[in-house]
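Enquirer: Once you know that position 124 of the sequence shown is 124 in the numbering used here, the rest is easy, because the numbers rise by one and skip nothing.
All residues carry an ideal CB built from backbone N, CA and C; glycine is no exception.
This structure is a prediction, so every number in the text was calculated from the model and none was measured.
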Amino acid sequence: MADIKRIPQALERLSSQPRVQESLSAAVNEGRLSHAYLFVGPPGAGKTEAARMLAKCVIAGEDEPGHVDEWVRVDHGTHPDVHVYAPESATGYLVAQVRALIEDVPLAPVRAQSKVYILRDVGLLRGAAANALLKTIEEPPAGVMFILIARSVAQVMPTIASRCQQVPFRVIATDAAAHAVQVESGAEPEAARIALAVAGTPERAVGFLASPERRQVRRLVVRTLAELPRDDDWDVLVAARTLAEAVKAPLAELKGVQDAAAEEKADYLSAAAMKQIADANKRELTARERSGMMEALSVASSLLRDVLLRLEGVGQPIVNVDVASEVDRLAGIAQPAGVLAALDAVSAAADSLAHNVTPQLALEVMLLHIKEALCPPSSR
């Protein structure tokens, strides 16, 4: 009999969600994984990371030769049998997008024995797009798994939700999340808190700490905000361009991996199939760039909240203790109302990104508005 208490290696980092970890571990160990899951819970609960962990269990078990390489491909978003989808329109999933997914489902796996389809923000899967996917989720071919991700079951069409095994995720307490990051990464408590403020979940925070490029983006954001009071408008535009380029820097390696993987398939896949791969790769690069941009915005929000704490004289410690001098400098020139307006500018930038505004333009507008909010003309 399988040991249901054994945690598969791929699920070990799911410790911040113990009930989810226990449930999925038992399903993996007993060989009773469902063909369709619905992961529901608040933002920052680690649902997408958990979906990738489960995909690793499906694509290659830890006892299979070469499983480490397969798992690395899943982590990098380059495994040809793990497909991650997100809405391509501001209003939701496109019918054409879902049809392309449905056409891909019957195709044989490229590297593994199974295929996994991860659909994010399925609360935005509605109407014709949802109806087109319904039958495929209900009766997928053998060896195909769907993992749908949403904030709540209520957001999802009942006909789709009813065909999935629901897995609830809970809010992770900050102290518990920080401890998980410390254990996984070996970071100091202050560094763990900073990483969480930037990345949002323990899994992403560990990745942030391990990435020099992502940490460099944080340093650039902090420096840019700290220098805004003495920058002119041209300086702000240059800073926005520098930030946008820094966010894209890590994508060069991913694109190289994608191109190499595509070359491996070019000899035996049709032109139509290769176009599907190219489109999927482009979507992944766009999603990674947007994710990097959201991290940059999280850095700005975290720093501005620390400035507000200083201004309000709240006893709560700031998060960005390593740049306390920059926090104090901004607190010395700003007013609480201005900091709140600056935080609104960050939220507006996030909304612009969600509506497919180019990252550099979103940054330019945000930084100009933050400059105006923190140091209006009358105070200069």
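#1: Kindly give me the distance between the Cβ atoms of L304 and V156, rounded to whole angstroms, as I take these residues to be in contact under 8 angstroms.
#2: Do T224 and A239 count as a contact pair if the criterion is CB distance below 8 angstroms?
#3: Using DSSP with H/G/I as helix, E/B as strand and the rest coil, what is I102?
#4: Report yes or no: is there a C-beta of chain C within less than 8 angstroms of the C-beta of R126?
#5: So, with DSSP's three-state summary, where would you put M157?
#6: Could you check whether V206 and A45 sit closer than 8 angstroms to each other, using their CB atoms as the reference points?
#7: Can you grab the Cα-Cα spacing for the pair L363 / A349, in whole Å?
#8: Could you tell me the alpha carbon to alpha carbon distance between L251 and V257, rounded to whole angstroms?
#9: List the residues that DSSP assigns as beta-bridge partners of K115.
#10: Look at A331 and L311 and say whether their C-beta atoms are less than 8 angstroms apart.
#11: Per the contact definition of three or more C-beta pairs closer than 8 angstroms, is the region 116-125 in contact with the region 5-24?
#12: Could you round the C-beta distance between G338 and L368 to whole angstroms and report it? I think they count as a contact, below 8 angstroms.
#13: Quick one: what's got a C-beta closer than 6 angstroms to V28's C-beta in the same chain, skipping five residues either side?
#14: Within a Cβ cutoff of 7 angstroms, which residues of the same chain sit near V20, ignoring the five residues on either side of it in sequence?
#15: Shortest alpha-carbon distance to L94 belongs to which of N131, L237, I194 and E227?
#16: Once DSSP output is grouped into helix, strand and coil, what is the label at S298?
#17: Between P80 and A261, is the Cβ-Cβ spacing less than 8 angstroms?
#18: Rounded to whole angstroms, what is the Cα-Cα separation between A177 and S34?
#19: According to the neighbour-count rule (16 or more other Cβ atoms, all chains shown, within 10 Å of its Cβ), is R204 buried or exposed?
#20: Could you check what DSSP says for V319 in three-state terms: helix, strand or coil?
#21: Could you check if H355 is buried or exposed, using at least 16 other CB atoms within 10 Å of its CB as the buried criterion?
Expert: Put simply:
#1: Between V156 and L304 the Cβ distance is about 34 angstroms, and since that is not below 8 angstroms, they are no contact.
#2: Yes, they are a contact pair.
#3: Here I102 sits in helix by DSSP.
#4: Any reference to chain C falls outside this structure, which holds one protein chain only.
#5: Residue state, collapsed to three classes: coil.
#6: In this structure, A45 lies away from V206, with their beta-carbon atoms at least 8 angstroms apart.
#7: In a straight line, the C-alpha of L363 is about 7 angstroms away from that of A349.
#8: In a straight line, the C-alpha of L251 is about 10 angstroms away from that of V257.
#9: According to DSSP, K115 shares a beta bridge with V144.
#10: Cβ atoms of A331 and L311: closer than 8 angstroms.
#11: Taking 8 angstroms as the limit for Cβ pairs, the verdict is that the region 116-125 does not touch the region 5-24.
#12: Contact annotation, G338 with L368: C-beta distance approximately 14 angstroms; criterion of less than 8 angstroms not satisfied.
#13: Contacts found: P8 and C57.
#14: Closer than 7 angstroms at Cβ, skipping near neighbours: L14, A50, V167 and F169.
#15: Selected option, being the one with the closest Cα: N131.
#16: The three-state secondary structure of S298, taken from DSSP, is helix.
#17: Remark: C-beta atoms of P80 and A261 approach each other more closely than 8 angstroms.
#18: A177 and S34: Cα-Cα distance of roughly 28 angstroms.
#19: R204 is buried by the Cβ-count criterion.
#20: Under the three-state reduction of DSSP output, V319 falls in the coil class, being neither helix nor strand.
#21: It is exposed - the Cβ of H355 has fewer than 16 other Cβ atoms within 10 Å.
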